[in-house]
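J.:
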Amino acid sequence: MASPPADNRSVNTPNAGGADETLVEIKLFVPAHLQRAFQRCLLLVAHEKGGDRLTLMRDMVEDFLRRHGC
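The sequence shown begins at 1338 in this note's numbering and counts up one residue at a time.
Okay, here's the thing in structure tokens:
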């Protein structure tokens, strides 16, 4: 299970096909209460589903893009 890098720039992790994939950081500027709620939600979902945070972050971005037709 990969975890976010110490430098918050990029990390290599296996994708669904098993090949390595480089993940890069996305920076969002939101109010502090939304950041706390997002982190809390991410940890709860990771605990409930048994997944890792990087996979959940990727899933959330893909879901956002699909919902907005991007």
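For glycine and all other residues, C-beta sits at the position ideal for the given N, C-alpha and C. These figures come from a predicted structure and were not determined experimentally.
Under the assumption that Leu1393 contacts Leu1379 (Cβ atoms under 8 Å), give the Cβ distance between them as a whole number of angstroms.
T.: Against the sequence shown, residue 1393 aligns to sequence position 56. Against the sequence shown, residue 1379 aligns to sequence position 42. Their Cβ separation, rounded to whole angstroms, is 6 Å, which keeps Leu1393 and Leu1379 in contact under 8 Å.
J.: On a CA-only basis, which of Gln1372, Ala1369, His1405, Gln1376 is nearest Leu1391? Give me that one, please.
T.: Taking the first residue of the sequence shown as 1, we reach residue 1391 at position 54. Taking only the C-alpha atoms, the option nearest Leu1391 is Gln1376.
J.: Using a threshold of 7 Å, is the CB atom of Arg1390 nearer than that to any non-hydrogen atom of the ligand MN?
T.: Inclusion of the ligand MN in the displayed structure is not the case, the ligand content being empty and no account of it being possible.
J.: In the DSSP assignment, find the beta strand (DSSP E) that holds Leu1360 and state where it starts and stops.
T.: The residue given as residue 1360 occupies position 23 in the sequence shown. Start and end: 1357–1361.
J.: Grouping DSSP H, G and I as helix and E and B as strand, with all else coil, what is Cys1407?
T.: Counted from its first residue, the sequence shown places residue 1407 at position 70. Here Cys1407 sits in coil by DSSP.
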